[in-house]
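K.L.:
Chains as they are written, first to last, in the numbering used here: chain A, 13 to 22; chain B, 38 to 241.
1) By Cβ distance, which residues of its chain are closer than 8 Å to residue 124 of chain B, with the 5 residues on each side in sequence left out?
2) Can you check whether the C-beta of residue 150 of chain B is within less than 8 Å of a C-beta belonging to chain A?
3) Hey, could you find the ends of the alpha helix (DSSP H) residue 49 of chain B is sitting in?
4) Can you check which of these residues, B:171, B:218, B:183 and B:200, is closest to residue 145 of chain B by C-alpha distance?
5) Does chain A have any CB closer than 8 Å to the CB of residue 47 of chain B?
6) Step through the CB atoms of chain A and report whether any lies within less than 8 Å of the CB of residue 100 of chain B.
7) According to DSSP, is residue 94 of chain B helix, strand or coil?
8) Alpha carbon to alpha carbon, what distance is there between residue 119 of chain B and residue 86 of chain B?
9) When the distance is taken between beta carbons, is residue 192 of chain B closer than 8 Å to residue 238 of chain B?
10) Between the alpha carbons of residue 102 of chain B and residue 91 of chain B, how many angstroms are there, rounded?
11) Per the DSSP calculation, residue 16 of chain A is bridged to which residue(s)?
12) Would you mind reading off the limits of the alpha helix (DSSP H) that contains residue 143 of chain B?
13) Just verifying my parser: in three-state terms, what is the DSSP assignment at residue 83 of chain B?
14) Look at the alpha carbon of residue 55 of chain B and the alpha carbon of residue 190 of chain B, and state the distance between them as a whole number of angstroms.
15) Can residue 159 of chain B and residue 71 of chain B be called in contact, C-beta distance under 8 Å?
16) Under 8 Å, do residue 201 of chain B and residue 224 of chain B count as touching if we go by C-beta distance?
17) Helix, strand or coil for residue 104 of chain B per DSSP?
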């Protein structure tokens with residue numbers, strides 16, 4: 013499943 | 038947080054500190070592309086606008102503030118500081134960086150994870166960051182004398198994204214298969230652009 017990448021990176 | 042990502046963030050932070058040191062210590066920005074610095078400021082503003090809405094961690098928020106303020110400070114110095122602005126070689130820094138902004142924006146409208154304001158701004162910032170170094174690389178190739186600090190600045194900037202690629206590989210194997218194709222492709226392009234610089238940097 014193509015989950016959206018978490019935006020926890022800088 | 039994994040070691041690759043932390044190393045990447047520290048290398049990125051270090052590159053900004055090296056540039057700030059160069060400008061502050063020598064009161065000169067010769068050899069530095071103001072256009073690249075303006076692009077980086079746009080990258081950080083577009084990517085970190087969730088600074089006030091989503092709290093991820095103290096580290097994440099502090100680093101976002103540091104990157105936004107340091108890039109703004111460098112652009113301010115190169116535009117307004119009476120001594121520094123005189124050393125900016127305007128006629129050398131000729132890359133039409135508006136083209137890069139427009140291209141990244143169009144790409145973000147077409148290729149994004151969700152057609153929302155936040156996601157389009159995020160994709161725009163990722164695409165723009167991949168090419169933001171171009172004016173600086175062109176300036177380096179034009180100028181014979183690459184002073185050490187500017188060379189180190191570009192080197193650390195290239196190394197940081199290489200660490201991030203290792204971070205994505207690590208996360209791919211440990212956290213499941215998120216779709217990171219935007220980051221992957223842009224990160225590879227970004228690191229690839231530095232390849233020839235690294236080649237000459239180590240040969241010199």
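Just so you know, even glycine gets a beta-carbon here, dropped at the ideal spot from N, CA and C.
P.N.:
Taking the structure as given:
1) The residue given as residue 124 of chain B occupies position 87 in the second chain. Answer for residue 124 of chain B: 64, 65, 66 and 67, listed in chain order.
2) The count along the second chain starts at 1 and reaches residue 150 of chain B at position 113. Closer than 8 Å to some Cβ of chain A, the Cβ of residue 150 of chain B qualifies, so yes.
3) For the purposes of this step, residue 49 of chain B is identified with residue 12 of the second chain, where counting begins at 1. That run of the alpha helix (DSSP H) goes 40-63.
4) Your numbering for residue 145 of chain B matches position 108 in the second chain. Proximity to residue 145 of chain B across B:171, B:218, B:183 and B:200 peaks at B:218, based on C-alpha coordinates.
5) Here the question's residue 47 of chain B lines up with position 10 in the second chain. At a cut-off of 8 Å, the C-beta of residue 47 of chain B has no neighbouring C-beta in chain A.
6) By one-based count along the second chain, residue 100 of chain B stands at place 63. Residue 100 of chain B has a beta carbon lying within less than 8 Å of a beta carbon in chain A.
7) As a working note, residue 94 of chain B is residue 57 in the second chain. DSSP places residue 94 of chain B in coil when its eight states are reduced to three.
8) For the purposes of this step, residue 86 of chain B is taken as residue 49 along the second chain, with counting starting at 1. For the purposes of this step, residue 119 of chain B is taken as residue 82 along the second chain, with counting starting at 1. Taking the Cα positions, residue 86 of chain B is about 31 Å away from residue 119 of chain B.
9) As a first step, residue 238 of chain B is located in the second chain; it is residue number 201 there, counting from the start. As a first step, residue 192 of chain B is located in the second chain; it is residue number 155 there, counting from the start. Contact flag set, yes.
10) By one-based count along the second chain, residue 102 of chain B stands at place 65. By one-based count along the second chain, residue 91 of chain B stands at place 54. Going from the Cα of residue 102 of chain B to the Cα of residue 91 of chain B covers about 14 Å.
11) One-based indexing of the first chain puts residue 16 of chain A at position 4. Residue pairing by DSSP places residue 16 of chain A opposite B:216 in a beta bridge.
12) Against the second chain, residue 143 of chain B aligns to sequence position 106. In the DSSP annotation of this structure, the continuous segment of the alpha helix (DSSP H) that includes residue 143 of chain B starts and ends at 134-147.
13) Stepping through the second chain from its first residue, residue 83 of chain B is reached at position 46. Residue 83 of chain B falls in the helix class under three-state DSSP.
14) For the purposes of this step, residue 55 of chain B is identified with residue 18 of the second chain, where counting begins at 1. For the purposes of this step, residue 190 of chain B is identified with residue 153 of the second chain, where counting begins at 1. If you draw a straight line from the Cα of residue 55 of chain B to the Cα of residue 190 of chain B, it comes to about 6 Å.
15) Here residue 159 of chain B is taken as the residue at index 122 of the second chain, counted from 1. Here residue 71 of chain B is taken as the residue at index 34 of the second chain, counted from 1. Result no, Cβ atoms of residue 159 of chain B and residue 71 of chain B do not sit closer than 8 Å.
16) The residue given as residue 201 of chain B occupies position 164 in the second chain. The residue given as residue 224 of chain B occupies position 187 in the second chain. Contact annotation: residue 201 of chain B and residue 224 of chain B have beta-carbon atoms nearer than 8 Å.
17) Position 67 of the second chain holds residue 104 of chain B. DSSP places residue 104 of chain B within a helical segment (H, G or I) once states are collapsed to three.
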